[in-house]
Each structure stands twice: as C-alpha cells, then as structure tokens.
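What follows is a short report on a single structure.
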Amino acid sequence: MTLKQLRYLVSVAETGSLAAAADELFVSQTAVSLALTQLEAALGVQLAIRRKSKGSVLTPAGATVAARARGILREASELGSVAGDLQGELSGTFRVGCYRAYSSRIIPEMVQYFAENHPNVDLAFEEGSSTELQAQMVDGTLDACFILRGHVLSHSSFEPIAAVVPKVLLSAHHPLASQGTVSFKDLAGFPAVLSDVKPAGTLVEAMIRSMGFQPDVRWRSSSTETIRSMVGRGLAYSVLLSIWPGPTSQEGLPLVLKDIAEPVPENAFGLAYPAGLGPTRKINELLAFGRENFSAF
1 MTLKQLRYLV
11 SVAETGSLAA
21 AADELFVSQT
31 AVSLALTQLE
41 AALGVQLAIR
51 RKSKGSVLTP
61 AGATVAARAR
71 GILREASELG
81 SVAGDLQGEL
91 SGTFRVGCYR
101 AYSSRIIPEM
111 VQYFAENHPN
121 VDLAFEEGSS
131 TELQAQMVDG
141 TLDACFILRG
151 HVLSHSSFEP
161 IAAVVPKVLL
171 SAHHPLASQG
181 TVSFKDLAGF
191 PAVLSDVKPA
201 GTLVEAMIRS
211 MGFQPDVRWR
221 SSSTETIRSM
231 VGRGLAYSVL
241 LSIWPGPTSQ
251 EGLPLVLKDI
261 AEPVPENAFG
271 LAYPAGLGPT
281 RKINELLAFG
291 RENFSAF
C-alpha cells in the first residue's frame, strides 16, 4: 500500500470517474486503474465498480477506505511542516470549519490573525451546519470547527470558548420589549421565526416545548440576518444566543435581546476536533485565538 494509491482512490471518490481523476492528477487513466487494482489486492476488498461511460462508483468498503485515506494523506502532508513546528513556527495546511450562523463574525478575524501571526500556515475555511462540518472532520477534509456544545456528536472532542444562553430577540417596538425578562407564556399568540439550520432550530423548539409551551413557528430561515430583519420589522420574535453584530437589523430597525424568565439550559460556543486525537499545535493556537477574541460572545 502506498500514499500514491490512497491519493488516487480519494481522487476517484471526489471526481466520480477514473478519467476525471486522471485529469486531476495529470496521469493516464490506466495509471489510476492500476493503482486501484494494486490497492484492492493489498487490502483484499473491492473498492470501486468500474463502469464504462458511466464513471466509477465506490463500494461501501471503498467509501470507508477513502474516508480513512483522507486522514492519512492529511497527516502525511503535515510531516512537511514538522521542521518548522520544532523551531516554533506554525506552517502547513490548516482547514477550519465554522457553524454558518457565526461564520461572518469568526472567519474574517481568524484569517487576519493567522495571516499576521502565522504567515506560513495555509489556512482554508468552510461554512456549514454543525452536522456537515463534523462529517467533514471524520472524512479528513477539516481539521477543526467552531460549533456549539449542544451540537457536538460522539466522534468529536470539544473545548469551550464562551458560555452562551438562549435569549428572546424582539423588535424594540414589541409590546414585551420594555419587560426585564420575557416568558414564553407571554409570547403565546405571537409568531416566531427560527433557524432551519439543523440541529439549531429543532433544539430551540424542543427547549420551548420542554417548558410546556408550543411556539407558533410561522417562518424558518438559514440566514441569521433574515431572522433579525424580520424581527426588526415586528413580524415575529426569535430565539438567539447573541444580538451580534449590533442592536439594529441591516435595515437599521432597533432590536432588543431579553433574558428568558423560565430556566434555560446553558450552552457553549467552542472548538471541536476529531475525538481520539490530541489537539495539534495549530488547534491549540486556534483555541487560544478564540478565547482571546470571543470570550464575551
């Protein structure tokens, strides 16, 4: 088994055919096919089904091996940065994900921080749902991701950065806006707009129902700014963790964030990385960056 064979398998998995993989790797299609055949012989399993004119389909075993191969190739690529790391310089590729609801807040500052303090790190980022990002950590395409503790899956380790508590977002002109705290009992009869990004929206609804209330979820959106703008217009209330980026919507309409009268579970914003692997120096640096810049979420 060789790294080249694993690299060819991953390329077939990502492009969907031997021909496309060959084009991506700048080799012949015969070379790709031979590498897969050799890898299948070494492992004793069929990895791909070759279909003329219809591309190639990985078998279940092939998909499993490809996922592990991404991690192996990632670790192999990191070897090139070992010398710099030993000298105290971070270098090499670093792929970081961020839960989409907070990516506009986290990613620009993170990119600037690494560009200024660790210019030898080739930083790439990905935005998505917590579930999508953790799946990418499993298949080796991400090294770490910023998510909420309530979204952490069993195959991820998690380090908290900031404690966060769900709160009610209202228009400043809402009838309940002047109250110190807001009860979901008082919100009965008012429509809600919640996130439809999984699992955030379903967790918020489950939290409200666990308190004995049934929210009137009239609308859902994957965009936090869309939610904030709808609340600003007085069309609905929402439940968010922060009023960031400020107390007005993009349209300039005033917003207020209110504590919930009922007991609510505390959550945390933090950094997840693959379980069973100790945090690398890059992950520790990313964690230090997060705690320095986002402790007040």
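Heads up: the sequence shown at position 60 corresponds to 60 in the working numbering, and the numbers run straight through without jumps.
Where is the CB? At the ideal position from N, CA and C, for every residue including glycine.
Going by C-alpha distance, which of the options is nearest residue i?
{"i": "M1", "options": "A22, L34, P166", "result": "L34"}
{"i": "S223", "options": "A206, I208, K198, G212", "result": "K198"}
{"i": "W244", "options": "L169, G128, A20", "result": "L169"}
{"i": "F146", "options": "F269, E24, G278, Y113", "result": "F269"}
{"i": "T131", "options": "A115, G180, E109, G201", "result": "G201"}
{"i": "T226", "options": "L3, T248, A42", "result": "T248"}
{"i": "E262", "options": "E251, G180, L58", "result": "G180"}
{"i": "H173", "options": "I72, P254, S28, A288", "result": "P254"}
{"i": "W219", "options": "M211, V239, N120", "result": "V239"}
{"i": "Q134", "options": "A124, P119, V152, L123", "result": "V152"}
Starting from residue i, follow its DSSP beta bridges and name the residues at the other end.
{"i": "E292", "result": "For E292, which the question treats as bridged, DSSP gives no partner whatsoever."}
{"i": "N267", "result": "V164"}
{"i": "R95", "result": "A124"}
{"i": "D216", "result": "P191"}
{"i": "P274", "result": "S156"}
Is residue i helix, strand or coil when you go by DSSP?
{"i": "A162", "result": "strand"}
{"i": "S56", "result": "strand"}
{"i": "G246", "result": "coil"}
{"i": "A66", "result": "helix"}
{"i": "A48", "result": "strand"}
{"i": "T181", "result": "strand"}
{"i": "R228", "result": "helix"}
Use the C-beta contact count for residue i: other C-beta atoms within 10 angstroms, 16 or more gives buried, fewer gives exposed.
{"i": "A46", "result": "The sequence given here has Gln at residue 46, not Ala. Classification of Q46: exposed, given that the 10 Å Cβ count is below 16."}
{"i": "A296", "result": "exposed"}
{"i": "E40", "result": "buried"}
{"i": "R68", "result": "exposed"}
{"i": "A206", "result": "exposed"}
What is the residue span of the beta strand (DSSP E) that residue i lies within?
{"i": "S129", "result": "Premise fails: S129 is in no beta strand (DSSP E) and is neither H nor E."}
{"i": "K258", "result": "255-260"}
{"i": "S238", "result": "238-240"}
Hey, quick one: how far does the alpha helix (DSSP H) through residue i stretch, first residue to last?
{"i": "Y102", "result": "Element bounds for Y102: n/a, residue is neither H nor E."}
{"i": "A13", "result": "3-15"}
For the ligand ADP, I want to know if residue i counts as a neighbour, meaning its beta carbon is within less than 7 Å of at least one of the ligand's heavy atoms.
{"i": "A69", "result": "The ligand content of the structure shown is nil, which means the ligand ADP is not present either."}
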